[in-house]
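These notes concern the structure reproduced below.
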Amino acid sequence: MAVDQAHRQNLSSLFLPVFESVNPCLILMVRRDNIVGDAVEVLRKTKNVDYKKPLKVIFVGEEAVDAGGVRKEFFLLIMRELLDPKYGMFRYYEESRLIWFSDKTFEDSDLFHLIGVVCGLAIYNFTIVDLHFPLALYKKLLNKKPSLDDLKELMPDVGRGMQQLLDYPEDDIEEAFCLNFTITVENFGTTEIKELVPNGADTPVSKQNRQDFVDAYVNYIFNKSVASLFSAFHTGFHKVCGGKVLQLFQPSELQAMVIGNTNYDWKELEKINAFEITL
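For the sequence shown, our numbering assigns the number 292 to the initial residue and increments by one for each residue that follows.
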């Protein structure tokens, strides 16, 4: 009996990978009360090729058939959870009502990777995700540099101040603005001075270098201060929606796909792109 049972178990383990490999769907089985932890665990083990399969979500203990409604609910619930202030992963900007990566978070980069994967899966499965990121996010996903216009979108007051600095017609910028190459950031109730360039505290902003100052400020906000966090997000997103087809889009078009203003069939675009490459 024990031998027969062991034999059956060996046969099962032999053929299980075959059955799993031909499963037409990417199956996510999660518990509602541990949706983030379960999703991280499943997606960490998922092969890259499986991200390209239609997503099927199963909530443990529920019998609802995923005809699209369960999947939409999954995206809603997991994004609501990941964006919860308890994680401190993103900073909310009241004036613009947008969010950006928080360099003060203590969360592991796995969660930023997960958000990238979730955004990619949403696009691939025609599901709207309510994400209030600035256009700069989609520029960076397409390897384009954020600009002063992106700072104006995320931080309108600061952006206007930078534009005033650039437009100031007089030569007395050092006296009028009293700036150096630093940025003041809040750090758990205290303020901290960060240098934008080496010896930035000793480098005054002048008429000659004001464009360099603005560029360094924009670079700090969108790149330098959040480099590791965005890298994890970028890697997760590109696992699902990477490849040459991504380069067909402008940042505004990619943004429209995520927030639901425009409908694209990502799979069809991949097929068309692959066909054009073979010609």
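Ideal Cβ positions, reconstructed from N, Cα and C, are used throughout, including at glycine.
Taking just the CA atoms, how far does residue j sit from residue i?
i: LEU389; j: TYR383; result: 6 Å
i: ILE484; j: VAL531; result: 38 Å
i: SER387; j: PRO437; result: 17 Å
i: ALA413; j: ASN325; result: 20 Å
i: ALA297; j: ALA330; result: Model confidence at ALA297 stands at a pLDDT of 42, short of 50, so the residue's coordinates are unreliable and nothing is read from them.
i: GLN541; j: LEU334; result: 28 Å
i: VAL309; j: LEU545; result: Low local confidence applies: a pLDDT of 43 at VAL309 is under 50, so the model's placement there is unreliable, with the coordinate-based value given in what follows. Near 36 Å, if we compare the C-alpha coordinates of LEU545 and VAL309.
i: ASP493; j: GLU477; result: 21 Å
i: SER497; j: ILE464; result: 6 Å
i: THR418; j: VAL517; result: 27 Å
i: LYS435; j: VAL488; result: 22 Å
i: GLY533; j: TRP391; result: 22 Å
i: LEU368; j: GLN499; result: 50 Å
i: LEU373; j: MET380; result: 8 Å
i: SER303; j: MET548; result: Unreliable positioning characterises SER303 in this predicted model, as indicated by a pLDDT of 37, which lies under 50. A coordinate reading is not provided.
i: PHE266; j: THR337; result: The question about residue 266 has no answer here: the residues shown for the chain are numbered 292 through 570.
Under DSSP, the alpha helix (DSSP H) around residue i begins and ends at which residues?
i: ARG382; result: Here ARG382 belongs to no alpha helix (DSSP H); instead the beta strand (DSSP E) covers 381-384.
i: ASN510; result: 501-513
i: ILE550; result: 542-550
Which two residues bound the contiguous beta strand (DSSP E) that contains residue i?
i: GLU486; result: 481-486
i: THR475; result: 473-478
i: ILE406; result: Note, ILE406: premise wrong, no beta strand (DSSP E); alpha helix (DSSP H) at 400-415.
i: MET320; result: 317-321
i: VAL348; result: 346-350
Would you call residue i buried or exposed, if buried means 16 or more other Cβ atoms sit within 10 Å of its Cβ?
i: LYS431; result: buried
i: LEU457; result: exposed
i: LYS347; result: buried
i: ASN416; result: buried
i: PHE504; result: buried
i: GLN300; result: Per-residue confidence for GLN300 stands at a pLDDT of 41, beneath the threshold of 50, marking its modelled position as unreliable; the derived number appears in the next sentence. GLN300 comes out exposed.
i: ARG322; result: exposed
Tell whether a beta-carbon distance below 9 Å holds between residue i and residue j.
i: ASP421; j: ILE550; result: yes
i: GLN454; j: LEU470; result: no
i: PHE366; j: VAL408; result: no
i: GLU444; j: ALA427; result: yes
i: PHE521; j: LEU442; result: no
i: GLY452; j: TYR342; result: no
i: MET320; j: ILE349; result: yes
i: PRO315; j: PRO345; result: yes
Would you mind giving the Cβ-Cβ distance between residue i and residue j, rounded to the nearest angstrom? I have them listed as a contact below 8 Å.
i: SER519; j: SER393; result: Wrong, their Cβ atoms sit about 12 Å apart, outside the cutoff.
i: LEU402; j: TYR378; result: 7 Å
i: THR482; j: THR475; result: 6 Å
i: LEU433; j: LEU537; result: 7 Å
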